[in-house]
Amino acid sequence: MRLYRFFVKFKINGDAVFVEDANFVNQVRNVLRMELGDSILLCDDGIDILSELESFDGNKVILKKIKESKNDSEPEKKITLYCSILKHDNFEVVAQKAVEVGATNIVPIVSARTVKTNVRLDRLEKIVKEAAEQSGRAIIPTVCGVMTFEEALTSAKSNDANIIFDVSSHDLPDKSDYGINLGIFIGPEGGWTEEEVERARINGFKVFSLGKLVLRAETAAIIATYIFAK
Numbered sequence: 003m004r005l006y007r008f009f010v011k012f013k014i015n016g017d018a019v020f021v022e023d024a025n026f027v028n029q030v031r032n033v034l035r036m037e038l039g040d041s042i043l044l045c046d047d048g049i050d051i052l053s054e055l056e057s058f059d060g061n062k063v064i065l066k067k068i069k070e071s072k073n074d075s076e077p078e079k080k081i082t083l084y085c086s087i088l089k090h091d092n093f094e095v096v097a098q099k100a101v102e103v104g105a106t107n108i109v110p111i112v113s114a115r116t117v118k119t120n121v122r123l124d125r126l127e128k129i130v131k132e133a134a135e136q137s138g139r140a141i142i143p144t145v146c147g148v149m150t151f152e153e154a155l156t157s158a159k160s161n162d163a164n165i166i167f168d169v170s171s172h173d174l175p176d177k178s179d180y181g182i183n184l185g186i187f188i189g190p191e192g193g194w195t196e197e198e199v200e201r202a203r204i205n206g207f208k209v210f211s212l213g214k215l216v217l218r219a220e221t222a223a224i225i226a227t228y229i230f231a232k
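Going by our numbering, the letters in the sequence shown line up with residues 3 to 232, in that order.
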């Protein structure tokens, strides 16, 4: 049977684990239809609690603690992905997959050639949480509010290094040590303007490409995140 993981607040008293969360109770009892004795992995603050369902009491679940362990699955690099909002539901795909491969923060940005200029942050947060649960993350990555390109440049100044990917570059990502906190910038379907790339250079960004093939924006975002998170 599949072992389900949940990010949820819990209290421990000896071997008893208490969770008081209506959404969690509904998911476990009504959606997944789990039964007493089934195993669940509870996650909070980098701690994983393997437990068994013992009883339901309204919006409270009581479980038996089987094993407590520290979750050390987080990448050493802290990647903030600044990605232009993409058409259709493609940005949601980016958020989901970027979390699965190691992104710590997701920042939707509006650049010169961005067509779609809004996203549902509440939906993105739900997608990110589920992706973190599925992939075994120790934390739930942060979904930030929408920024303009200029706002993103300012925000990125706190990073150890920033990298913008653009088809105009002939340089592939190298193995240099760029520090712990890295910003990765991915443009929209139409790409960055020359002015945007130059603004990034002026701000100390490295400009890289992902090779000779032309990738979809969502593909580039996922690959770039994976390369630098690992």
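Backbone N, C-alpha and C define an ideal beta-carbon position, used for all residues, glycine too. This one's a predicted model, so the numbers in the text were calculated from it and none came from an experiment.
When secondary structure is reduced to three states using DSSP, V63 falls in the strand class. DSSP lists A18 as the bridge partner or partners of N15. The beta carbon of R115 lies closer than 6 angstroms to those of P190, G192 in the same chain, with the five residues before and after it left out. The secondary-structure analysis by DSSP pairs R7 across a beta bridge with L43. In this structure, C85 sits near F187, with a CB-CB distance shorter than 9 angstroms. Non-local beta-carbon contacts of A231 in its own chain, meaning distances under 8 angstroms to residues more than five positions away in sequence, involve P77, K79, I81, V103, G104, A105 in chain order. Contact between the segment 14-33 and the segment 57-76 is present: 3 or more CB-CB pairs across the two stretches fall below 8 angstroms. Restricted to the segment 107-185, the beta strand (DSSP E) segments that are unbroken, complete and at least 3 residues in length are 163-167, listed in chain order. Between K66 and D23, the C-beta spacing is not below 9 angstroms.
A distance below 9 angstroms separates the beta carbons of S171 and V209. Sixteen is the threshold: since fewer than 16 other Cβ atoms of the shown chains lie within 10 Å of the Cβ of T144, the residue is exposed.
Around the beta carbon of G185, a 10 Å sphere encloses 16 or more other beta carbons of the protein chains shown; the residue is thus reported as buried. As a beta-bridge residue in DSSP terms, T82 pairs with N107, G185.
The C-beta distance from V169 to S211 rounds to 6 angstroms, short enough to fall under 8 angstroms. The criterion of a C-beta distance shorter than 9 angstroms is not satisfied by I14 and F8. Around the beta carbon of T156, fewer than 16 other beta carbons lie within 10 angstroms, which makes this residue exposed. Of L38, E37, E70, N25, the smallest CA-CA separation from D46 is found for E70. DSSP, reduced to helix, strand and coil, places I229 within a helical segment of the structure shown. Distance from the CA of L217 to the CA of I224, rounded to the nearest whole angstrom, comes to 11 angstroms.
Where K99 is concerned, the enclosing alpha helix (DSSP H) starts and stops at 92-102. By the CB criterion at 9 angstroms, V101 and V121 fall outside the cutoff. Annotated three-state conformation of I51 is strand, per DSSP.
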